[in-house]
Structure formats: C-alpha cells, structure tokens
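Below you'll find the structure, written out as structure tokens, and then a few comments.
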Amino acid sequence: HFIQHCPTNGDPNYDIKKVKPPTGIPKSMLVAIDLGLPLKKKLRACLLPGLGELPAELRCPLCKDVLKDA
Numbered sequence: 386h387f388i389q390h391c392p393t394n395g396d397p398n399y400d401i402k403k404v405k406p407p408t409g410i411p412k413s414m415l416v417a418i419d420l421g422l423p424l425k426k427k428l429r430a431c432l433l434p435g436l437g438e439l440p441a442e443l444r445c446p447l448c449k450d451v452l453k454d455a
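Below, the structure is given as structure tokens:
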C-alpha cells in the first residue's frame, strides 16, 4: 500500500520518535534542559544564561554580532 493510505498514520503506537545520541560533544559540555515540549521542534542550539559572554574574537568588530563561518 502507499504511505498516504497506511492505516498506521496518526497512530501513537507507531509514531515513535528516535532520539539520536549526541556524538562529538564532550559530556562536560552537555546540559540537561526542560523545554516542556521535547521533540516537537528541531532546535539547533540553546544559549543558557550564566555561561558567560562570547569571546571578543568571535564577534564582528563592526556590528558586534556573532561571526559566521563562511
């Protein structure tokens, strides 16, 4: 059958989200956070308060915004 007509579409027993393990990130840098709605939105990163400011070399000298790697 086609995926559009599958009887398991919308069935919570079959809608299991797989959580990928965080690879390449040291465990000392991982922080558990509670956003209330996990796995609903794809978040790339989250700045947590209290971790300090970014170093000056990572900011643009003209606009003072965070530099992007081109």
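The number in this note's numbering is simply the position in the sequence shown, starting from 1, with 385 added. In this text, a Cβ means the ideal position worked out from N, Cα and C, and glycines have one as well. None of these values were measured; they are calculated from a predicted model.
Buried or exposed (CB count within 10 angstroms, at least 16 for buried), residue i
i, result
"leucine 422", "Any answer about leucine 422 is weak, because its pLDDT of 47 lies below 50 and its placement is not dependable; what the coordinates show is given next. It is exposed - the Cβ of leucine 422 has fewer than 16 other Cβ atoms within 10 Å."
"cysteine 391", "exposed"
Beta-carbon proximity list for residue i, same chain, < 6 Å, skipping 5 on both sides
i, result
"proline 411", "none"
"tyrosine 399", "Thr393"
Other residues of its chain near residue i: CB distance less than 7 Å, five sequence neighbours each side excluded
i, result
"leucine 451", "As written in the sequence, residue 451 is valine, which differs from the leucine given in the question. So the qualifying residues of the chain are Leu439, Leu443 and Arg444."
"alanine 441", "none"
Proximity of residue i and residue j at Cβ, strictly below 8 Å
i, j, result
"leucine 415", "proline 407", "yes"
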